[in-house]
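Written below as structure tokens is the structure these notes are about.
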Amino acid sequence: MNTIYRLLLVTSFFISQNNNAQKRIALFNQKDLKGWYAFGEEKGKANNASELFSVENNMIRMYGPKAGYLMSEQSFRNFELTVEFRWNTDSQFAKKSNSKNSGVMYLVPSETPDFLWPKGIQFQIKEGASGDFVLLQEVTLNINGTKTEAGKSVVSKRFADAEKPIGEWNKLQVISKNGVITQKLNGKLVNKGIESSVTEGRILLQYEGYPIDFRKVCIKKIK
Numbered sequence: 001m002n003t004i005y006r007l008l009l010v011t012s013f014f015i016s017q018n019n020n021a022q023k024r025i026a027l028f029n030q031k032d033l034k035g036w037y038a039f040g041e042e043k044g045k046a047n048n049a050s051e052l053f054s055v056e057n058n059m060i061r062m063y064g065p066k067a068g069y070l071m072s073e074q075s076f077r078n079f080e081l082t083v084e085f086r087w088n089t090d091s092q093f094a095k096k097s098n099s100k101n102s103g104v105m106y107l108v109p110s111e112t113p114d115f116l117w118p119k120g121i122q123f124q125i126k127e128g129a130s131g132d133f134v135l136l137q138e139v140t141l142n143i144n145g146t147k148t149e150a151g152k153s154v155v156s157k158r159f160a161d162a163e164k165p166i167g168e169w170n171k172l173q174v175i176s177k178n179g180v181i182t183q184k185l186n187g188k189l190v191n192k193g194i195e196s197s198v199t200e201g202r203i204l205l206q207y208e209g210y211p212i213d214f215r216k217v218c219i220k221k222i223k
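Each residue of the sequence shown is one higher than the last, beginning at 1 in UniProt numbering.
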């Protein structure tokens, strides 16, 4: 009887661990910017992220005359990241540039200092180029059998186009597992690499000068 009880406890433990590993975590609570800090090219780091960016109608709204970003306080390894985004074309929102250019960075090491733009991998969000890899500050990947060169900002183009028309919501997904990186846009594979030189780090939402909205920022830990 004791043996059976112990087996049941062990089984229950592993089921619980598996469920926890598969649980999706909302990094954005749709109410405020708790869990994030901001960095701007003029103000520097702001622990109160609302000093630089805002939340409205369950969206993160990034706009203004200066570039910057939101950085997650948490760091992650082996995960599936999901983010929804759209360009904000409302003329009432201040902007730095007319170029529709932004991105979601991931695997930004916790020891990396804040500046524009830190070490990590970027899912490029850019009119006509969404889905490209941008490898920043010496990060490398092996893509289609070739290792990328280490550099300040190295672009590896997407395999396919999948961005929706301007103004519509897009859904990006990043799967990072033991150095294998997969990027999807609106359900379509747009990029993939292996042997990533970074395997753990934070999530970063970029504002490069054209207003952009983010929502449903979620992450799921995977084995």
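All C-beta atoms, glycine included, are put in the ideal place defined by N, C-alpha and C.
Only a predicted model underlies this, so the values are computations on that prediction, with no experimental measurement involved.
Per DSSP, what kind of secondary structure is residue i in: helix, strand or coil?
i	result
S50	helix
I222	coil
A21	Only weak support is given to the placement of A21: the predicted model assigns it a pLDDT of 45, under 50, and the question is left unresolved by the model.
G187	coil
L136	strand
From the DSSP secondary-structure annotation, give me the bridge partner or partners of residue i.
i	result
D213	R61, R86
S75	R202
A38	A46, L70
E80	I175, K220
Q124	G103
K147	N142
Is the beta carbon of residue i sitting closer than 8 Å to the one on residue j?
i	j	result
Q183	G103	no
S176	N78	yes
T112	C218	no
G131	L185	yes
F39	I60	no
L141	P118	no
Alpha carbon to alpha carbon, how far is residue i from residue j?
i	j	result
R158	E168	20 Å
L116	V154	15 Å
G64	N101	14 Å
L52	S110	21 Å
So, is the C-beta of residue i closer than 8 Å to a C-beta in chain D?
i	result
Q92	Among the chains of the structure shown, chain D does not appear; only one protein chain is present.
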